[in-house]
Amino acid sequence: MAYLQLQGIEKFFGEHRAIKGIDLSIQQGEFIVFVGPSGCGKSTLLRLIAGLEHIDGGTLMLDGRDITAQPSSKRDLAMVFQSYALYPHMSVYENMSFALKLAKVDPAVIREKVERAAAILNLTTYLQRTPKELSGGQRQRVAIGRAIVRAPKVFLFDEPLSNLDAALRGQTRVEIAKLHRDLGATTIYVTHDQVEAMTLADRVVVLRDGQIEQVGTPLELYDRPVNQFVAQFIGTPQMNVVPYGQLPQSVQQKGPEAAVSGAIGLRPENVTVRSAGTTPVGGQVDLVEALGAETLIYVSTPGGAQFVSRQNERTGLRAGDAVSLDIDASEAHWFDTAGRVVAGHAA
Amino acid sequence: MNRLLPRLLLTPAMATLFLWMIVPLAMTIYFSFIRYNLMQPDESGFAGLSNFEYFVTDPSFGAAVVNTVLLLGSVILITVVLGVAIALLINEPFPGRGIVRVLLISPFFVMPTVNALMWKNMMMNPIYGVLAQVWTFFGAQPVDWLTDHPLFSVIVMVSWQWLPFATLIFMTALQSMNHEQLEASRMDGANYLQQLRYLYVPHLARSVAVVVMIELIFLLSIFAEIYTTTAGGPGDASTNVTFLIFKQALLNFDAGVASAGALFAVVLANIAAVFLIRMVGKNLDK
Amino acid sequence: MTARRRSNFPLGMLALRTAAAWGVALLLFFPLGWLFLTAFKTELQAIAVPPLFVFTPTLENFHEVQERSDYLLYAKNSVITSVLSTLLGLALAAPAAYAMAFFKGKYTKDILMWMLSTKMMPAVGALVPIYVLAQKSHLLDTQLALIIVFALSNLPIMVWMLYSYLKDIPHEILEAARMDGATLWQEVRLVLLPLGMGGLASTGLLCLVLAWNEAFWSLNLSAAKAGTLATLIASYSSPEGLFWAKLSAASLMAIAPIVVFGWFSQKQLVQGLTFGAVK
Chain X
1 MAYLQLQGIE KFFGEHRAIK GIDLSIQQGE FIVFVGPSGC GKSTLLRLIA
51 GLEHIDGGTL MLDGRDITAQ PSSKRDLAMV FQSYALYPHM SVYENMSFAL
101 KLAKVDPAVI REKVERAAAI LNLTTYLQRT PKELSGGQRQ RVAIGRAIVR
151 APKVFLFDEP LSNLDAALRG QTRVEIAKLH RDLGATTIYV THDQVEAMTL
201 ADRVVVLRDG QIEQVGTPLE LYDRPVNQFV AQFIGTPQMN VVPYGQLPQS
251 VQQKGPEAAV SGAIGLRPEN VTVRSAGTTP VGGQVDLVEA LGAETLIYVS
301 TPGGAQFVSR QNERTGLRAG DAVSLDIDAS EAHWFDTAGR VVAGHAA
Chain H
1001 MNRLLPRLLL TPAMATLFLW MIVPLAMTIY FSFIRYNLMQ PDESGFAGLS
1051 NFEYFVTDPS FGAAVVNTVL LLGSVILITV VLGVAIALLI NEPFPGRGIV
1101 RVLLISPFFV MPTVNALMWK NMMMNPIYGV LAQVWTFFGA QPVDWLTDHP
1151 LFSVIVMVSW QWLPFATLIF MTALQSMNHE QLEASRMDGA NYLQQLRYLY
1201 VPHLARSVAV VVMIELIFLL SIFAEIYTTT AGGPGDASTN VTFLIFKQAL
1251 LNFDAGVASA GALFAVVLAN IAAVFLIRMV GKNLDK
Chain G
2001 MTARRRSNFP LGMLALRTAA AWGVALLLFF PLGWLFLTAF KTELQAIAVP
2051 PLFVFTPTLE NFHEVQERSD YLLYAKNSVI TSVLSTLLGL ALAAPAAYAM
2101 AFFKGKYTKD ILMWMLSTKM MPAVGALVPI YVLAQKSHLL DTQLALIIVF
2151 ALSNLPIMVW MLYSYLKDIP HEILEAARMD GATLWQEVRL VLLPLGMGGL
2201 ASTGLLCLVL AWNEAFWSLN LSAAKAGTLA TLIASYSSPE GLFWAKLSAA
2251 SLMAIAPIVV FGWFSQKQLV QGLTFGAVK
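So, in structure tokens, the structure goes:
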């Protein structure tokens, strides 16, 4: 029996079926990331697990107990909100000790737990301050601290990094990963940022329109996406997806029957730019992005197809130059008209 | 998730407001169709439309309507025009702005009856009043305001009291003006008058509309000032519709006619209210 | 923010504007200022021609007014009716505002609009029925009648203002409390109330002001027993001449606390009386 089990979870908003029957098994100690575009239902699903929204169908089991109808206060879950949701009228210490105070825990024990959590998060000097007096990053740590102190069964994170600037985001991401390693707590983390998903997760759940598209480890999703949506969602820059009809004949030949009105998917690192004339696939450079450690080259072919190529070496190419593309068909993913993978890695 | 709880919480307020609205309205409608004298509270039968007829053919009715319109119109005009002017004047900072604001808004918090008597005795008294003294100082004959110009006197009192309200509203609206827009217009070469015409006035148009409508609704019920100073007179020179209804109800004790008049006033108020509600509704959607 | 903006006008204009602003303000404030001064004069000084600006102030008027037993009665009535009606109104309005702010439903907006519309009806429209009802239930000239009427008159404003204050409190803070294990009651008591206290106070203050100054119902529904200060002052309207200093003192005492309250509740005034239509 999984630690946290979702079976057939459904949610309606009026007539609209927002969550369409989700089944998911989460093991104890796992770091699960819900990822997907806006409106896919990831936050809604998190809130259903938290008990902040009512579950309309299906069951939710935690550690053997059915908590489907339990109110949030009794589920023993802790949530870190996107806006941190700190209590503005309480000090950092009071924010972090609130839950324990409600549970009537002995004040000495509370003090010990809060101080320990504060030490882990470098908040010890801020314990008497109010949220107003803290920076965004500090508030975020208080929000996390509030959750840690409770030692709940599951931690829930709702896009915690989206309000931070880029530098802080990267730093905090590493800290969250370390925290998980040290505490080993079961965690569900919602984000729209697939970099966070790839780096933090044990397993990733890709959601679209209230349904699970694929569940797997980050690399499984990267190497073996089951459909075009997942393929394009995971990986930066986006996987090249080119309609079958725009492909040069030499490439079309390598594809299976079912992909004929579908498309091909190629990761940028599997498309190599060579000098003009060396391969049957010719094209013209549209744009070169030199990022320092890697270079991205945007190429379009006479058939109308557009590719992004990624390489580690610097290049002297410029927009307008004629080049040819070396496509590694062994790494290609072929999709049918419905976007499902038919050949290639996951087929 | 509790759906019962919010309904339960809403009930006390909604029920009382509903009663507060329906019961008087129903009773007013009822009374307007019967003959009912407050001194002899045995109802004396159906009166058809005679109450309405009586109210409308009362010799003071025409005067009351005219006075009401004059009163409303003048006060609104004065408060809006002066309110905008003052708000613009104090919009930019200057030394002592805080105190000026406090001085300007004070009249609004004065009790209407104190307001009335203050003007009647201290300002407008033809012998000892301040205005009389100022007039004498300039060699003119003091004016007996309340006797010779009763409606005008009431207008002055009410305008003085409501000017702060309008000013405050316009000050608030001006604060929300987009500074970048003003700076852009300055770079485009606009002078102050042009800014007034193209930027300030359109921005204020909305709050002017709100002030006009709110004043329409509240000023219809002007009562205390008239009651305390002129009692509607001399004759009916300063009687407004509200005072006329009051006279019928509590001086003539004719509840039937008073109710007929009240319905009339309610209809008038509702017309203004419809527009105000729509405007507020639009704001709620934001 | 204002320091950063460059003024539209050069310095000469600043002096002009300052003078004009002060001039207008003093002119408009003059009647009140005169009232204030007259309260400290003797009766003879009060009617002096030409008017006296310099005189030795005296407190005799205030003493005399306070000694009149009915002044204290009326003052007590004003205090009781405005405070109790505000409390009653808040008791009715707070749950409703809470329900609408946190359990937003299809009809929330309609309900708010409807509450608004009840305020639009002119008081005179309800004069006859309310008078008759009060008469029949022997509530004429009682504090209770005034308390009920004041509370109901101001109820829409109170609901509206509390609703907008509560709406500004982020939902997530309350959800966080829920996740921390708070029951609904604990949520309200430990988180909502501290955060909403400011709004509650402002709303209460504004309605206190409105109830205190209320004259229409006071004049019509009360007399010697439950009369408020508004009615007391009105009773001085018969022309008795030589008593202006005392009238000024009485008036000053009646209006002073409210005018001061008003200075502090400017913002709420705008919000409350325009039902938020002007920000």
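Protein chains in written order, with the working numbering: chain X, 1 to 347; chain H, 1001 to 1286; chain G, 2001 to 2279.
Beta carbons: idealized from backbone N, C-alpha and C, even for Gly.
Open item on the list: For residue 18 of chain X and residue 2172 of chain G, what's the separation of their Cα atoms in angstroms?
Closed with: Counting from one through the first sequence, the residue named residue 18 of chain X turns up at place 18. Counting from one through the third sequence, the residue named residue 2172 of chain G turns up at place 172. Cα to Cα, the separation comes out at about 21 Å.
- [ ] Apply the 10 Å Cβ neighbour rule to residue 2217 of chain G and answer buried if 16 or more other Cβ atoms are within range, or exposed otherwise.
- [x] Looking up residue 2217 of chain G in the third sequence gives position 217. Buried: at least 16 other Cβ atoms inside 10 Å.
Open item on the list: Quick check on this structure: which residue in X:234, X:257, X:226 and X:264 has the alpha carbon closest to the alpha carbon of residue 243 of chain X?
Closed with: Taking the first residue of the first sequence as 1, we reach residue 243 of chain X at position 243. The residue with the shortest Cα to Cα distance from residue 243 of chain X is X:264.
Task: Min CB distance residue 2182 of chain G to chain X below 7 Å - done: For the purposes of this step, residue 2182 of chain G is identified with residue 182 of the third sequence, where counting begins at 1. Closer than 7 Å: yes.
- [ ] Check whether the segment 1101-1108 of chain H touches the segment 2014-2032 of chain G, taking contact to mean three or more Cβ pairs, one atom from each stretch, closer than 8 Å.
- [x] yes
Open item on the list: Spatial neighbours of residue 1233 of chain H within its chain, please: C-beta separation below 8 Å, excluding the five flanking residues on both sides.
Closed with: Working through the second sequence from its first residue, we reach residue 1233 of chain H at position 233. Excluding residues within five positions, the ones whose Cβ falls inside 8 Å are 1150 and 1239.
TODO: Indicate whether residue 149 of chain X and residue 104 of chain X have their beta-carbon atoms separated by less than 7 Å.
DONE: As a working mapping, residue 149 of chain X is identified with position 149 in the first sequence. As a working mapping, residue 104 of chain X is identified with position 104 in the first sequence. Taking C-beta atoms as the reference points, residue 149 of chain X and residue 104 of chain X fail to come closer than 7 Å.
Open item on the list: Once the 5 residues before and after residue 2038 of chain G are set aside, which same chain residues still bring their CB inside 7 Å of it?
Closed with: Within the third sequence, numbered from 1, the residue matching residue 2038 of chain G stands at position 38. These residues qualify, in order along the chain: 2046, 2244, 2245 and 2248.
Task: Status (buried if at least 16 other CB within 10 Å, exposed otherwise) for residue 2158 of chain G - done: Locating residue 2158 of chain G in the third sequence gives position 158, where the first residue counts as 1. So residue 2158 of chain G ends up on the buried side.
Task: For residue 1192 of chain H, the first and last residue of its enclosing alpha helix (DSSP H) - done: Counted from its first residue, the second sequence places residue 1192 of chain H at position 192. It spans 1192-1195 - the alpha helix (DSSP H) in which residue 1192 of chain H sits, taken as one unbroken run.
- [ ] State whether the segment 2131-2147 of chain G contacts the segment 2079-2086 of chain G, with contact taken as three or more CB pairs (one from each stretch) at a distance under 8 Å.
- [x] yes
Task: Interface flag, residue 2173 of chain G vs chain B, CB-CB below 7 Å - done: The chain labelled as chain B is not found among the protein chains of the depicted structure, namely X, H and G.
Task: Helix, strand or coil at residue 2242 of chain G [DSSP, three-state] - done: Counted from its first residue, the third sequence places residue 2242 of chain G at position 242. The pLDDT assigned to residue 2242 of chain G is 49, lower than 50, so where the model puts this residue is not dependable; a value taken from the coordinates is nonetheless given after this. The answer is coil: DSSP assigns residue 2242 of chain G none of H, G, I, E or B.
Task: Inter-residue CB distance, residue 319 of chain X and residue 282 of chain X (contact presumed, cutoff 8 Å) - done: For the purposes of this step, residue 319 of chain X is taken as the residue at position 319 of the first sequence. For the purposes of this step, residue 282 of chain X is taken as the residue at position 282 of the first sequence. At roughly 16 Å, the Cβ-Cβ gap does not stay under 8 Å, so residue 319 of chain X and residue 282 of chain X are not in contact.
Task: Cα-Cα separation between residue 1115 of chain H and residue 2258 of chain G, rounded to whole angstroms - done: Locating residue 1115 of chain H in the second sequence gives position 115, where the first residue counts as 1. Locating residue 2258 of chain G in the third sequence gives position 258, where the first residue counts as 1. Taking the CA atoms as reference points, residue 1115 of chain H sits about 13 Å from residue 2258 of chain G.
TODO: Drop a sphere of 10 angstroms on the beta-carbon of residue 39 of chain X, count the other beta-carbons inside from all chains shown, and report buried for 16 or more, exposed for fewer.
DONE: The residue you call residue 39 of chain X lines up with position 39 of the first sequence. Exposed.
Task: Element boundaries [alpha helix (DSSP H), containing residue 1072 of chain H] - done: Walking along the second sequence from the start, residue 1072 of chain H turns up at place 72. Segment 1059-1089, the alpha helix (DSSP H) holding residue 1072 of chain H.
Task: Cα-Cα separation between residue 2241 of chain G and residue 2252 of chain G, rounded to whole angstroms - done: Looking up residue 2241 of chain G in the third sequence gives position 241. Looking up residue 2252 of chain G in the third sequence gives position 252. Confidence at residue 2241 of chain G is low in this model, with a pLDDT of 49, below 50, so its placement is unreliable and no value can be given for it.
Open item on the list: Quick check: what's the CA-CA separation for residue 2110 of chain G versus residue 1011 of chain H?
Closed with: Position 110 of the third sequence, counted from the start, is the residue given in the question as residue 2110 of chain G. Position 11 of the second sequence, counted from the start, is the residue given in the question as residue 1011 of chain H. Distance from the CA atom of residue 2110 of chain G to the CA atom of residue 1011 of chain H, rounded to whole angstroms, is 15 Å.
Task: Cβ neighbour criterion (16 or more within 10 Å) applied to residue 1099 of chain H - done: The residue labelled residue 1099 of chain H in the question sits at position 99 within the second sequence. Exposed, by the Cβ-count rule.
Open item on the list: Excluding the 5 residues flanking residue 1266 of chain H on each side, which residues of the same chain have their C-beta closer than 8 Å to its C-beta?
Closed with: Along the second sequence, one-based indexing puts residue 1266 of chain H at 266. Counting only Cβ-Cβ distances below 8 Å, and skipping sequence neighbours, we find 1025 and 1028.
Task: Closer than 9 Å at the beta carbon, the chain G residues around residue 1027 of chain H - done: On the second sequence, position 27 is the one that residue 1027 of chain H refers to. What residue 1027 of chain H touches in chain G: 2126, 2128, 2129, 2130, 2132 and 2133.
TODO: Tell me residue 13 of chain X's beta-bridge partners as DSSP assigns them.
DONE: Counted from its first residue, the first sequence places residue 13 of chain X at position 13. In DSSP, residue 13 of chain X forms a bridge with X:16.
Open item on the list: Give me the subset of the segment 57-83 of chain X whose CB atoms are less than 7 Å from a CB atom of chain G, sorted by chain position.
Closed with: 72, 73, 77, 78, 79, 81 and 83
Task: Within-7 Å CB hit, residue 54 of chain X to chain G - done: Numbered from 1 along the first sequence, position 54 holds the residue referred to as residue 54 of chain X. No, residue 54 of chain X lies away from the interface with chain G (no Cβ there is under 7 Å from its Cβ).
Task: Assigned secondary structure, residue 1127 of chain H (DSSP; H/G/I helix, E/B strand, else coil) - done: For this step, residue 1127 of chain H is matched to residue 127 along the second sequence. It is coil, neither helix nor strand.
Open item on the list: In the DSSP output, what is residue 32 of chain X paired with across the bridge?
Closed with: In the first sequence, the residue the question calls residue 32 of chain X occupies position 32. Answer is X:188 and X:203, bridged to residue 32 of chain X.
- [ ] Output the boundary residues of the beta strand (DSSP E) element that contains residue 61 of chain X.
- [x] Within the first sequence, residue 61 of chain X is the residue found at index 61, counting from 1. Per DSSP, residue 61 of chain X belongs to the beta strand (DSSP E) from 57-62.
Task: Endpoints, the alpha helix (DSSP H) within which residue 165 of chain X is located - done: In the first sequence, the residue the question calls residue 165 of chain X occupies position 165. No alpha helix (DSSP H) contains residue 165 of chain X, which DSSP labels as neither H nor E.
Open item on the list: I'd like to know whether the C-beta atoms of residue 80 of chain X and residue 176 of chain X end up nearer to each other than 7 Å.
Closed with: As a first step, residue 80 of chain X must be located in the first sequence, where it is residue number 80. As a first step, residue 176 of chain X must be located in the first sequence, where it is residue number 176. Against a cut-off of 7 Å, the Cβ pair of residue 176 of chain X and residue 80 of chain X comes out as no contact.
- [ ] If I'm right that residue 231 of chain X touches residue 334 of chain X with Cβ under 8 Å, what's the distance once you round it to whole angstroms?
- [x] Position 231 of the first sequence holds residue 231 of chain X. Position 334 of the first sequence holds residue 334 of chain X. With 8 Å as the limit, residue 231 of chain X and residue 334 of chain X do not qualify as a contact, their Cβ atoms being about 11 Å apart.
TODO: Would you identify the three-state DSSP class for residue 2227 of chain G, choosing helix, strand or coil?
DONE: To locate residue 2227 of chain G, count along the third sequence from 1; it is residue 227. Coil.
TODO: Could you tell me whether the Cβ of residue 99 of chain X comes closer than 7 Å to any Cβ of chain G?
DONE: Translated into the one-based positions of the first sequence, residue 99 of chain X becomes position 99. Chain G contact via Cβ: present.
Open item on the list: Between residue 1221 of chain H and residue 1242 of chain H, how many whole angstroms is the CB-CB distance? I'm expecting something under 8 Å.
Closed with: Along the second sequence, one-based indexing puts residue 1221 of chain H at 221. Along the second sequence, one-based indexing puts residue 1242 of chain H at 242. Yes, they are in contact, since the Cβ atoms of residue 1221 of chain H and residue 1242 of chain H sit about 5 Å apart, within 8 Å.
Task: N-terminal and C-terminal residue of the beta strand (DSSP E) that residue 240 of chain X is part of - done: Taking the first sequence and counting its residues from 1, one reaches residue 240 of chain X at position 240. Looking at the DSSP string, the run of the beta strand (DSSP E) that includes residue 240 of chain X is 240-243.
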